[in-house]
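Quick note: the sequence shown uses my numbering, first residue 2, plus one each step.
Positions of the beta carbon are idealized from the N, C-alpha and C atoms, including for glycine.
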Amino acid sequence: MNLSEKKVLFITTYKARDFEGNALVGYYLYKNYAIESQFIHGYSVKQEIEKLKPAVLIMDHLVWDHKKELAVWANSVGVRVVLLFTEGYYKDISSFDKIFGHPNADKLNVTKYLVWNNQMVKRVKDLDYSDEFSQKMIVTGSPRFDFLTNTSLSSFGFSKLDFIKKYDLQDYKEIITYMSTTPYQGYSFEKFYSRYKKKANFSDEIIRNFYDDNQNQFRNHTTIIKKLAVSNPEIVFFYKAHPSEAYISNYETVFEGVNNIKLISNENVRPFLQYSNLVIQRNCTTALESWLLGKPVVQLDDADYNSKTYKEHLDYSYLINNFEELDAFIKSKEYQNWNVDNVATFLEGIFGKLDGLAYKRVADEILMELEKWNEIDQRNLENNLLKYRKEVDTRFINRVKDFLRLDRKTSLRPKVYIKRLFRKKKNNSNEVNIEPNEVHEFYNKLNDFV
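Given below as structure tokens:
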């Protein structure tokens with residue numbers, strides 16, 4: 002069986018955040034071995050596996066119970082499951098536990114875990130997993146950040162001139178970007194609690210603290226950014242929504258009438274970091290990305306939040322406590338003197354290596370699994386998927402829907418439709434499958450850089 006006949010399926014949860022890094026891996030596999038990859042959002046994965054019949058499934062984390070179930074199911078039908086972590090920046094390494102599937106990670110039948118750094122490997126060993134399981138943890142770094150650390154890729158994407166033109170910035174003297182870390186602003190507590198308790202078994206205390214922080218920080222920081230924009234009309238303020246924020250419309254009334262605030266959602270964060278003079282955030286991964294680009298960062302600690310300030314912000318960020326301090330800081334231009342030199346050691350500890358070649362290491366690990374895959378594996382997968390489809394088709398609920406000539410996705414529960422009548426409009430345009438033609442357009446652009 003030729004390598005070009007074998008397929009890879011990437012779960013790419015948020016297109017704006019995750020696609021480029023994953024597609025960089027896919028590009029390497031395609032350019033060197035003619036291996037095709039597909040990139041899908043996190044829903045209907047089983048159906049996509051039925052269609053593509055991939056040798057390898059790339060997953061991003063194992064926090065939610067349905068992700069764990071998917072990993073077990075994929076392995077049971079014969080697909081090799083590889084974890085490529087999108088997230089790896091935590092206040093405490095114990096936050097990695099749920100990401101890799103603890104406390105039952107060794108029962109999920111994952112083939113290998115491609116981790117950011119040695120701290121993650123050490124954490125697994127400290128939790129007393131077997132040596133055999135710990136050896137599945139392989140340090141590759143994260144291709145998500147290769148565009149920031151690989152000199153060949155540093156100019157990929159928008160030029161500054163194109164960026165200014167796209168967002169009509171000709172009349173502004175500086176660019177400041179705020180990066181949101183409130184993905185669950187706008188959620189009711191009941192819905193939020195159900196998500197984290199029933200689907201991931203977080204403690205009540207963690208759920209309440211996380212929820213309160215999201216709502217309070219959203220209210221506080223939108224107010225501060227609005228006041229900053231009014232006080233500094235010569236500066237454009239981008240407010241970059243978190244990629245998983247559902248209720249983007251909540252910003253419309255908050256920022257109404259303030260022309261130098263531009264709300265950004267569902268877009269790649271990199272150009273906003275590249276061309277900003279200053280980045281404002283609170284405990285966000287974009288702080289690390291900003292430091293990689295040599296950009297100064299403000300840690301906006303305006304309240305006593307349950308999530309405390311990460312230690313590195315004490316060392317490398319400007320700690321600001323309120324609007325008045327931040328407004329004076331911006332007017333002073335003190336951030337123009339920030340020096341990135343002393344942050345390099347910290348960044349190496351997070352990212353493992355800063356060589357911009359994580360995508361090659363990840364691709365090589367995937368390639369090892371593809372090289373082991375043979376005709377027998379493929380036949381077994383196809384047969385197992387046929388058995389699975391037969392089992393699905395004979396389920397009572399599906400037989401009822403078929404008899405009524407209803408789409409299988411149609412719910413027969415009245416409460417589903419009642420909820421739809423009253424729920425707020427949600428933003429989910431960042432959770433999409435990437436079409437093959439778009440993937441190859443991206444590959445063609447990379448030809449000039451890689």
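Distance, residue j Cα to residue i Cα
i, j, result
"S232", "A75", "54 Å"
"Q136", "F330", "48 Å"
"R400", "H314", "57 Å"
"I262", "Y240", "7 Å"
"K92", "Q120", "13 Å"
"S155", "L274", "12 Å"
"R1", "E88", "Outside the displayed span of the chain (2 to 451) sits residue 1, for which this structure offers no information."
"E51", "R390", "8 Å"
"F97", "S266", "27 Å"
"L301", "L264", "19 Å"
"W339", "K296", "8 Å"
"M369", "N375", "12 Å"
"V280", "K167", "20 Å"
"S318", "T150", "20 Å"
"L30", "E37", "7 Å"
"V78", "N343", "49 Å"
"E326", "V122", "41 Å"
"K426", "Y248", "7 Å"
"D132", "K68", "24 Å"
"Y1", "I351", "Residue 1 lies beyond the range of the chain shown here (2 to 451); nothing can be said about it."
"V9", "Q39", "6 Å"
"D453", "V80", "Shown here, the chain extends from 2 to 451; a query on residue 453 therefore has no answer."
"G27", "E439", "13 Å"
Cβ-based neighbour list, residue i, same chain, cut-off 8 Å, excluding 5 preceding and 5 following
i, result
"I208", "F193, Y194, Y197, K198"
"P272", "G158, F159, F164"
"V64", "K99, I100, A201"
"P234", "N261"
Sheet register partners of residue i (DSSP bridge)
i, result
"K263", "F239"
"Y179", "Y240, I281"
"I208", "I208 pairs with nothing; no bridge assigned."
"Q300", "Q282, L320"
"L115", "L85, I139"
"I435", "F40"
Cut-off 6 Å between Cβ atoms - residues of its own chain near residue i, not counting five sequence neighbours on either side
i, result
"A35", "S5"
"K16", "N431, V433"
"F203", "Y197"
"T254", "none"
"A359", "T141, G142, S143, P144, D147"
"N269", "A17"
"I59", "F11, V83, L85"
"E246", "P184"
Element boundaries [beta strand (DSSP E), containing residue i]
i, result
"E37", "37-41"
"K8", "8-12"
"R81", "81-85"
"L58", "57-60"
Cβ-based neighbour list, residue i, same chain, cut-off 7 Å, excluding 5 preceding and 5 following
i, result
"N278", "E175, I176, I177"
"H243", "S181, T182, T183, P184"
"L348", "L289, W292, L293, L355"
"E257", "none"
"K402", "R409, T411"
"T287", "M180, V270, L274, V280"
Continuous alpha helix (DSSP H) stretch holding residue i: start and end
i, result
"M2", "Neither: M2 is in no alpha helix (DSSP H) and is coded neither H nor E."
"L371", "359-373"
"Y389", "376-394"
"R196", "190-199"
"N23", "16-34"
"V46", "46-53"
"G187", "No alpha helix (DSSP H) holds G187; DSSP gives it neither H nor E."
"Y418", "415-423"
"V255", "251-255"
"N76", "66-78"
"R400", "397-404"
"G350", "345-352"
"D98", "97-100"
"P272", "271-275"
"K161", "161-167"
"T150", "147-150"
Closer than 8 Å: residue i CB and nearest the ligand SAH heavy atom
i, result
"N119", "Among the components modelled here there is no ligand, and therefore nothing to report on the ligand SAH."
Quiz item: Do the segment 49-60 and the segment 379-389 make contact, defined as three or more Cβ pairs closer than 8 Å?
Solution: yes
Practice problem: Determine, using beta-carbon pairs with one atom in the segment 79-89 and one in the segment 100-114, whether at least three such pairs fall under 8 Å. | Solution: yes
Exercise. Examine the Cβ distances between the segment 212-228 and the segment 292-312 and report whether three or more of them are shorter than 8 Å.
Key: yes
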